[in-house]
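Colleague:
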Amino acid sequence: RRMTPELRFCQQLLRELMSKKYDAISYPFLEPVDPVALECPNYFNIIKHPMDLGTMAKKMEDAEYSNGEEFEKDLRLVFANCYAFNPEGSAVNMMGHRFEAVFNEKWVK
Ligand SMILES: Cc1ccc(Nc2c(-c3ccc(O)cc3)nc3c(C)cccn23)cc1
Numbered sequence: 001r002r003m004t005p006e007l008r009f010c011q012q013l014l015r016e017l018m019s020k021k022y023d024a025i026s027y028p029f030l031e032p033v034d035p036v037a038l039e040c041p042n043y044f045n046i047i048k049h050p051m052d053l054g055t056m057a058k059k060m061e062d063a064e065y066s067n068g069e070e071f072e073k074d075l076r077l078v079f080a081n082c083y084a085f086n087p088e089g090s091a092v093n094m095m096g097h098r099f100e101a102v103f104n105e106k107w108v109k
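Residue numbers are given in this note's numbering: position 54 of the sequence shown equals residue 54, and the series is strictly consecutive.
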């Protein structure tokens, strides 16, 4: 399936969001949550649809996104999962809000 200009914009945006520039606020969202490594065994009981930017980059490589809407849906899921699992005021929750703000300012609708 040819990469549309809309998906090329999404791919470039993903590259930027995963770049070192945002490391301080992006690192909890770059790879799948590992409940063993993070010592949160209840993670998959609470989060039914895990998603992260690394998985999104692979889906983009494998041409699994048909349009920007599907791409945005997955990225919004990353933030929703973060807020569902990490209590308001916690470090990771706050990183999620700051990272979402960066995404929102770049996501021109
Ligand atoms: C016991 C416990 C409590 C909170 C967390 N949160 C958390 C998450 C996380 C990211 C996205 C998400 O949807 C859920 C969790 N990522 C981390 C990291 C990288 C380090 C430390 C804590 N982290 C981990 C373990």
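We put the CB at the ideal spot given by N, CA and C, even for glycine.
(1) Can you give, in chain order, each stretch of the alpha helix (DSSP H) that sits fully within the region 8-50 and has at least 4 residues?
(2) Nearer than 7 Å: is that true of the beta carbon of residue 102 relative to any heavy atom of ligand 1?
(3) Determine the closest residue to residue 46 out of 85, 28, 80, with distance taken between C-alpha atoms.
(4) For the region 26-37 against the region 94-106, are there 3 or more C-beta pairs whose distance is under 8 Å?
Modeller: Straight from the coordinates:
(1) Complete alpha helix (DSSP H) runs here, min 4: 23-26, 43-46.
(2) Here residue 102 refers to the residue found at position 102 of the sequence shown. Residue 102: no, Cβ never under 7 Å from ligand 1.
(3) The count along the sequence shown starts at 1 and reaches residue 46 at position 46. Answer by Cα proximity: 85.
(4) Touching, yes.
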